[in-house]
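Numbering (this note's numbering), first residue to last: -9 to 111.
A short write-up of the structure that comes next.
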């Protein structure tokens, strides 16, 4: 198994297989990075648009998406594996994971509804 992982080093399939083998976590996708687009007259720098690198950087940049929320340890280990296995000329930008739903455990006037998002204990 380790020989096949070494042969796939530097490929998206190799990164996916290594994450599955070492951590037991399924990487849903490894997608090329697309920066935010500037809309003239609407976009505000630092609010919904960020100044970034040129198109050549985007060609070699990628994100890794997983299907579940991760612990800090799992996040750190995935980042280590991806940085080790990626080709030297590429840029690992972000590890994307689902955001857990917001839990409101207290009554908020005007927002909480009995039986919907708040329960009387």
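Heads up, the beta-carbon is just placed ideally off N, CA and C, and yes, glycines get one too.
The structure presented is a predicted model; accordingly, all values stated were derived computationally and were not measured.
Please report the straight-line C-alpha distance between residue i and residue j, rounded to a whole angstrom.
i           : j           : result
residue 51  : residue 43  : 11 Å
residue 76  : residue 106 : 46 Å
residue 102 : residue 38  : 29 Å
residue -3  : residue 24  : 28 Å
residue 4   : residue 104 : 49 Å
residue 64  : residue 29  : 37 Å
residue 56  : residue 45  : 26 Å
Within the same chain, show all residues whose beta-carbon is closer than 8 Å to that of residue i, passing over the 5 residues directly before and after it, in chain order.
i          : result
residue 58 : 15, 87 and 88
residue 67 : 12 and 13
For residue i, list the residues DSSP reports as bridge partners.
i          : result
residue 86 : 55
residue 35 : 39
I need the DSSP call for residue i, collapsed to helix, strand or coil.
i          : result
residue 30 : coil
residue 62 : helix
residue 22 : strand
residue -5 : helix
residue 49 : helix
residue 75 : helix
For the alpha helix (DSSP H) containing residue i, name the first residue and the last one.
i          : result
residue 44 : No alpha helix (DSSP H) contains residue 44, which DSSP labels as neither H nor E.
residue 2  : 2 to 13
Please go through the same chain and pick out, in chain order, the residues whose beta-carbon is closer than 7 Å to the beta-carbon of residue i, but skip the five residues on each side of it.
i          : result
residue 79 : 50
residue 72 : 5, 54 and 82
What does a CB cutoff of less than 6 Å around residue i pick up in its chain, not counting 5 residues either side in sequence?
i          : result
residue 21 : 53
residue 84 : 53
residue 33 : 39
residue 8  : -5, 71 and 75
residue 61 : none
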